[in-house]
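*Asks:* Read top to bottom, the protein sequences are chains U and H. For the first sequence, my numbering gives the first residue as 1, with consecutive numbering after it. For the second sequence, my numbering gives the first residue as 1, with consecutive numbering after it. Glycine is no exception: its CB is placed at the ideal position from the N, C-alpha and C atoms. In this text the structure is predicted, and so the values were computed from the model without any measurement.
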Amino acid sequence: MGETSNECILSIKNLKTHFFSREGVAKAVDGVSFKLFPGEILGIVGESGCGKSVTAQSIMQLVPEPPGKIVGGEILFHNRDLLTLPPQEIRRIRGAGIAMIFQEPMTSLNPVFTIGNQISEMFRLHKGFGKKQALAAAIEMLDRVQIPSPDKRVHEYPHQLSGGMRQRAMIAMAMSCDPEILIADEPTTALDVTVQAQVLDLMLRLKQDFSTAIQLITHDLGVIAEMADRVVVMYAGQVVEQASTIELFKQTLHPYTLGLLNSIPVLGSRAAGNAGELTEIKGMIPSLYNLPHGCKFSNRCPDRMNICEREEPQLTRAGENHRVRCWLHTKT
Amino acid sequence: MKPLLKIDNLKVHFPIKKGLLSKIVGYVHAVDGISFELMPGETLGIVGESGCGKTTAGMAAMHLTPPTQGNVFWKGKDLGAMSPAQLRSLRGEMQLIFQDPYSSLNPRMTIGQILSDPMDIHNRYTGSKRAERLDFLMETVGLSPGLTHRYPHEFSGGQRQRIGIARALALDPSLIIGDEPVSALDVSIQAQIINLLIKLKNEFNLSLIIISHDLAVVEYICDRILVMYLGKIIETADYASLYKDPKHPYTKTLLSAIPVPDPLRKRNRIILEGDVPSPINPPTGCRFHTRCPDRMDICEREEPKMKGFGANHAAACHLYETV
Numbered sequence: 001m002g003e004t005s006n007e008c009i010l011s012i013k014n015l016k017t018h019f020f021s022r023e024g025v026a027k028a029v030d031g032v033s034f035k036l037f038p039g040e041i042l043g044i045v046g047e048s049g050c051g052k053s054v055t056a057q058s059i060m061q062l063v064p065e066p067p068g069k070i071v072g073g074e075i076l077f078h079n080r081d082l083l084t085l086p087p088q089e090i091r092r093i094r095g096a097g098i099a100m101i102f103q104e105p106m107t108s109l110n111p112v113f114t115i116g117n118q119i120s121e122m123f124r125l126h127k128g129f130g131k132k133q134a135l136a137a138a139i140e141m142l143d144r145v146q147i148p149s150p151d152k153r154v155h156e157y158p159h160q161l162s163g164g165m166r167q168r169a170m171i172a173m174a175m176s177c178d179p180e181i182l183i184a185d186e187p188t189t190a191l192d193v194t195v196q197a198q199v200l201d202l203m204l205r206l207k208q209d210f211s212t213a214i215q216l217i218t219h220d221l222g223v224i225a226e227m228a229d230r231v232v233v234m235y236a237g238q239v240v241e242q243a244s245t246i247e248l249f250k251q252t253l254h255p256y257t258l259g260l261l262n263s264i265p266v267l268g269s270r271a272a273g274n275a276g277e278l279t280e281i282k283g284m285i286p287s288l289y290n291l292p293h294g295c296k297f298s299n300r301c302p303d304r305m306n307i308c309e310r311e312e313p314q315l316t317r318a319g320e321n322h323r324v325r326c327w328l329h330t331k332t
Numbered sequence: 001m002k003p004l005l006k007i008d009n010l011k012v013h014f015p016i017k018k019g020l021l022s023k024i025v026g027y028v029h030a031v032d033g034i035s036f037e038l039m040p041g042e043t044l045g046i047v048g049e050s051g052c053g054k055t056t057a058g059m060a061a062m063h064l065t066p067p068t069q070g071n072v073f074w075k076g077k078d079l080g081a082m083s084p085a086q087l088r089s090l091r092g093e094m095q096l097i098f099q100d101p102y103s104s105l106n107p108r109m110t111i112g113q114i115l116s117d118p119m120d121i122h123n124r125y126t127g128s129k130r131a132e133r134l135d136f137l138m139e140t141v142g143l144s145p146g147l148t149h150r151y152p153h154e155f156s157g158g159q160r161q162r163i164g165i166a167r168a169l170a171l172d173p174s175l176i177i178g179d180e181p182v183s184a185l186d187v188s189i190q191a192q193i194i195n196l197l198i199k200l201k202n203e204f205n206l207s208l209i210i211i212s213h214d215l216a217v218v219e220y221i222c223d224r225i226l227v228m229y230l231g232k233i234i235e236t237a238d239y240a241s242l243y244k245d246p247k248h249p250y251t252k253t254l255l256s257a258i259p260v261p262d263p264l265r266k267r268n269r270i271i272l273e274g275d276v277p278s279p280i281n282p283p284t285g286c287r288f289h290t291r292c293p294d295r296m297d298i299c300e301r302e303e304p305k306m307k308g309f310g311a312n313h314a315a316a317c318h319l320y321e322t323v
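1) Give me the subset of the stretch 246-266 of chain U whose CB atoms are less than 9 Å from a CB atom of chain H, sorted by chain position.
2) For Ser128 of chain H, which of helix, strand or coil comes out of DSSP?
3) Starting from Val260 of chain H, find everything on chain U with Cβ-Cβ shorter than 8 Å and list it in chain order.
4) Hey, Val239 of chain U and Val32 of chain U: beta-carbon distance below 8 Å or not?
5) Which residues share a DSSP beta bridge with Val141 of chain H?
6) What is the DSSP secondary structure of Leu5 of chain H, counted as helix, strand or coil?
7) Between which two residues does the beta strand (DSSP E) holding Ser33 of chain U run?
8) Taking 6 Å as the limit between beta carbons, can you name the residues of its chain near Lys52 of chain U, skipping five residues before and five after?
9) Using a Cβ distance threshold of 8 Å, determine whether the stretch 137-146 of chain U contacts the stretch 105-119 of chain U, with at least three qualifying pairs required.
10) Can a CB atom of chain H be found closer than 8 Å to the CB of Ser162 of chain U?
11) Do Arg162 of chain H and Val141 of chain H have their C-beta atoms closer together than 8 Å?
12) How big is the Cα-Cα spacing for Met60 of chain U and Arg94 of chain U?
13) Counting contacts by CB-CB distance shorter than 8 Å, is Arg295 of chain H in contact with chain U?
14) Return the chain-ordered list of same chain residues with a C-beta closer than 7 Å to the C-beta of Asp143 of chain U, the five sequence neighbours on each side being excluded.
15) Against chain U, with Cβ distances strictly below 8 Å, would Val323 of chain H count as a contact?
16) Can you check whether the CB of Ile234 of chain H is closer than 8 Å to the CB of Phe288 of chain H?
17) Just to make sure I have the definition right: I need the residues of chain U whose C-beta is within less than 7 Å of the C-beta of Thr253 of chain H. Which are they?
18) For the alpha helix (DSSP H) containing Gly259 of chain U, name the first residue and the last one.
19) Look at the Cβ atom of Pro118 of chain H, then the Cβ atom of Arg167 of chain H, and state whether they are nearer than 8 Å.
20) Check whether the Cβ of Val217 of chain H lies closer than 8 Å to any Cβ atom in chain U.
21) Taking one C-beta from the stretch 251-267 of chain H and one from the stretch 73-88 of chain H each time, how about it: are there three or more such pairs within less than 8 Å?
22) Note the first and the last residue of the continuous beta strand (DSSP E) segment covering Gly46 of chain U.
23) Kindly say whether Gln215 of chain U, judged by its beta-carbon, lies nearer than 8 Å to any beta-carbon of chain H.
24) Using a Cβ-Cβ cut-off of less than 7 Å, give me the residues of the stretch 22-33 of chain H that come near chain U, in sequence order.
25) Leaving aside the five residues before and after Gly259 of chain U along the sequence, list all residues of the same chain whose C-beta is less than 6 Å from its C-beta, in chain order.
26) Between which two residues does the alpha helix (DSSP H) harbouring His126 of chain U extend?
27) Going straight from the alpha carbon of Gln95 of chain H to that of Ser103 of chain H, what length do you get?
28) Do Cys222 of chain H and Ile210 of chain H have their beta-carbon atoms positioned less than 8 Å apart in this structure?
29) Answer yes if the stretch 97-105 of chain U comes into contact with the stretch 159-168 of chain U, meaning at least three C-beta pairs across the two stretches below 8 Å, and no otherwise.
30) Sorted by chain position, which residues of the same chain lie with C-beta nearer than 6 Å to Pro181 of chain H's C-beta, five sequence neighbours on each side aside?
31) Alpha carbon to alpha carbon, what distance is there between Cys317 of chain H and His248 of chain H?
32) Check each candidate in H:Ile189, H:Ile271, H:Asp179, H:Phe204 and name the one with the smallest Cα separation from His219 of chain U.
33) How about Ser48 of chain U and Asp186 of chain H: do their beta carbons lie closer than 8 Å?
34) With DSSP run on the structure shown, which of helix, strand or coil describes His324 of chain H?
35) So which residues on chain H does Thr55 of chain U lean against when the C-beta distance must stay under 8 Å?
36) Can you find a CB in chain H that lies within less than 8 Å of the CB of Ala28 of chain U?
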């Protein structure tokens, strides 16, 4: 392969996270592999239920167990498999090595503690700072994420902040121990567009300042196009396509990726007179308990062939850094 | 042609009550003096960020939220002068589609009952015609007619939104107001619902008001667009001129802030400072002046008036008033 494996900081190999319930086994993540390189933004895109969030939770080992369980695969962080490490080790890596921010900042901040308290906890636990020193560090972090008058805001509770400000506070907390990897799970989905622009801008700036690698999970292809260097497209628990951002948008291979791109209205294209009809992807996202045989997308695919319903395609190489899971692009 | 709906200087203020005696301590200026017209067969988009009053404007247009001030005229008749019974019978002509297809359908009613409800209330399609009507509605929105005995939880989000649309169509309305009709849906399902709305509009010659924060969706569906900020309309234009030649700095910012799914497109993103101010104490003068990149002295003092740019384009901004 073109990529040298020793320079990547995070390598996920054949990860399988399944959920066990009375209805059966839901294979939320079913054999996902990808790598994350230093300083890059890797976009993970897919619709609800495709396994993009569960993949992130598996990396952080935050999958609720039961019903969930990581049943296979490896998560290599600097060549150490996180799945074999004891809980104390994981706790040290969480926050200091890999940090995470979530979609809804109101539910991920603790409502009964001030944001200063919550951010300085990071410094006290991971860096052994004293109370005063930690608070000063928290104020500095709030300043770095451009919260106005941070010395006052540090004593406020989450409900006193606006949505955009709360997400900044979350980012401040995540970045406080200078992590190598930031996992951002739909970080701007709950925000208004002008506030989303502010937060995306902030993330780009922090990436440059701290040279953090960002794994950006989103359903918004617009956000992917603006932010990501490389993209992984997921469908029904699997990676269906993986490429550099420009290649993914300009030389799309998988019918699902193509379907996604053709189903969103592009701003300004009707006004410019070149909006065709929106092509819809037929049918609906299949239930994880009742996935189609062969290719998981076969029941909705416009290019379905006989083999697609019988046999599952593998993720195969289709270019320098381009991989696709589709029989159309697999030489048999 | 006469307008189907005419809104004249509409204001909706919600009182803020506090204390034991529920003393009124202030007002949320949700909608603060908006005027617009809707022609038959027209599709109008109302866009803006959360708290700009777009949903309240839609509700007040149907008198579902009573306006504090101002008038709504439906085919020339003033809704404010009507009795509740008259209003109710009129509402058959104007129907709503909601954002969340999960909470807008009663989980204890079958699809057949949900679709029958409006027809029962308005005494339409009774007796033997009912079954035929239900089949027709289901087919119109792309669902199999055999499913009317099922309950909402047996359907996916996209299918539920189709049921919501079928319910809105039940009384042959002339206007449908969609409040964020596709925001809660997955991307691949969104396109299905957008295409369905466009098809129905043409088939039944409907007028549509689409309320949304998503400018790309609104551009795709609507003929004319209103941009709202803190309870005011700040710009109105047909879709082409709004996107090609936005006038108001807020519209420009909004358009530049939307991520476009094309990695090669050049971006010139305008990043605003701060958040939307509270509608309880909206800023004086121009409401956008606290965040505006082109702010002038006059903006703090005086409220700008709507100024026309050709037949179908108007914006309220002092930049265009100075001689």
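*Replies:* Taking the definition as stated:
1) Within the stretch 246-266 of chain U, the residues whose Cβ lies closer than 9 Å to some Cβ of chain H are Ile246, Leu248, Phe249, Lys250, Tyr256, Gly259, Leu260, Leu261, Asn262, Ser263, Ile264, Pro265, Val266, listed in chain order.
2) In the second sequence, the residue the question calls residue 128 of chain H occupies position 128. Ser128 of chain H: coil per DSSP, three-state reduction.
3) Taking the second sequence and counting its residues from 1, one reaches residue 260 of chain H at position 260. Here the neighbours are Gly222, Ala225, Glu226, Val266, Leu267, Gly268.
4) Against the first sequence, residue 239 of chain U aligns to sequence position 239. Against the first sequence, residue 32 of chain U aligns to sequence position 32. In this structure, Val32 of chain U lies closer than 8 Å to Val239 of chain U by Cβ.
5) Counting from one through the second sequence, the residue named residue 141 of chain H turns up at place 141. According to DSSP, Val141 of chain H bridges with nothing at all.
6) By 1-based counting over the second sequence, the position of residue 5 of chain H is 5. Note: Leu5 of chain H maps to strand in three-state DSSP.
7) Taking the first residue of the first sequence as 1, we reach residue 33 of chain U at position 33. Element bounds for Ser33 of chain U: 24-36.
8) Stepping through the first sequence from its first residue, residue 52 of chain U is reached at position 52. Cβ within range, chain order: Ile44, Gly46, Ile217, Met234.
9) yes
10) Residue mapping note: residue 162 of chain U aligns to position 162 of the first sequence, counting from 1. Chain H contact via Cβ: present.
11) Numbered from 1 along the second sequence, position 162 holds the residue referred to as residue 162 of chain H. Numbered from 1 along the second sequence, position 141 holds the residue referred to as residue 141 of chain H. Note that the C-beta distance between Arg162 of chain H and Val141 of chain H is below 8 Å.
12) Working through the first sequence from its first residue, we reach residue 60 of chain U at position 60. Working through the first sequence from its first residue, we reach residue 94 of chain U at position 94. When rounded, the distance between both Cα atoms is 7 Å.
13) Mapped onto the second sequence, residue 295 of chain H falls at position 295. No, Arg295 of chain H lies away from the interface with chain U (no Cβ there is under 8 Å from its Cβ).
14) In the first sequence, residue 143 of chain U corresponds to position 143, counting from 1. Same-chain partners within the cutoff: Pro150.
15) Counted from its first residue, the second sequence places residue 323 of chain H at position 323. Low confidence applies here, because Val323 of chain H scores a pLDDT of 45, under 50, leaving its location unreliable and the question unanswered by this model.
16) Residue numbering aside, residue 288 of chain H sits at position 288 when the second sequence is read from its first letter. Residue numbering aside, residue 234 of chain H sits at position 234 when the second sequence is read from its first letter. In this structure, Ile234 of chain H lies closer than 8 Å to Phe288 of chain H by Cβ.
17) Here residue 253 of chain H is taken as the residue at index 253 of the second sequence, counted from 1. In chain order: Thr194.
18) Residue 259 of chain U sits at position 259 when you count from the first residue of the first sequence. For Gly259 of chain U, the uninterrupted alpha helix (DSSP H) run begins and ends at 255-262, by DSSP.
19) For the purposes of this step, residue 118 of chain H is taken as the residue at position 118 of the second sequence. For the purposes of this step, residue 167 of chain H is taken as the residue at position 167 of the second sequence. Result yes, Cβ atoms of Pro118 of chain H and Arg167 of chain H sit closer than 8 Å.
20) One-based indexing of the second sequence puts residue 217 of chain H at position 217. The beta carbon of Val217 of chain H sits closer than 8 Å to some beta carbon of chain U.
21) no
22) For the purposes of this step, residue 46 of chain U is taken as the residue at position 46 of the first sequence. Element bounds for Gly46 of chain U: n/a, residue is neither H nor E.
23) Translated into the one-based positions of the first sequence, residue 215 of chain U becomes position 215. No, Gln215 of chain U lies away from the interface with chain H (no Cβ there is under 8 Å from its Cβ).
24) Result list empty, no residue passes.
25) What you label residue 259 of chain U is simply residue 259 of the first sequence in a count that begins at 1. Taking Gly259 of chain U as the centre and dropping the five residues before and after it, the same chain places the C-beta of Ile281 closer than 6 Å to its C-beta, in chain order.
26) Numbered from its first residue, the first sequence carries residue 126 of chain U at position 126. Run containing His126 of chain U: 115-127, per the alpha helix (DSSP H) assignment.
27) As a first step, residue 95 of chain H must be located in the second sequence, where it is residue number 95. As a first step, residue 103 of chain H must be located in the second sequence, where it is residue number 103. When rounded, the distance between both Cα atoms is 17 Å.
28) As a working mapping, residue 210 of chain H is identified with position 210 in the second sequence. As a working mapping, residue 222 of chain H is identified with position 222 in the second sequence. Judged by their CB atoms, Ile210 of chain H and Cys222 of chain H are nearer to each other than the 8 Å cut-off.
29) yes
30) Along the second sequence, read from residue 1 onward, the residue named residue 181 of chain H stands at position 181. The answer, listed in chain order, is Ile97.
31) On the second sequence, residue 248 of chain H is found 248 positions in, with the first residue counted as 1. On the second sequence, residue 317 of chain H is found 317 positions in, with the first residue counted as 1. Taking the straight line joining both Cα atoms gives about 6 Å.
32) Here residue 219 of chain U refers to the residue found at position 219 when the first sequence is read from its first residue. Per the Cα distances, H:Ile189.
33) Numbered from its first residue, the first sequence carries residue 48 of chain U at position 48. Numbered from its first residue, the second sequence carries residue 186 of chain H at position 186. For Ser48 of chain U and Asp186 of chain H, yes; Cβs fall inside 8 Å.
34) Because chain H here runs from 1 to 323, residue 324 of chain H falls outside it and cannot be looked at.
35) As a first step, residue 55 of chain U must be located in the first sequence, where it is residue number 55. Under the 8 Å cutoff, chain H gives no residues; its nearest Cβ is about 18 Å from Thr55 of chain U.
36) The residue labelled residue 28 of chain U in the question sits at position 28 within the first sequence. The Cβ of Ala28 of chain U sits no closer than 8 Å to any Cβ of chain H.
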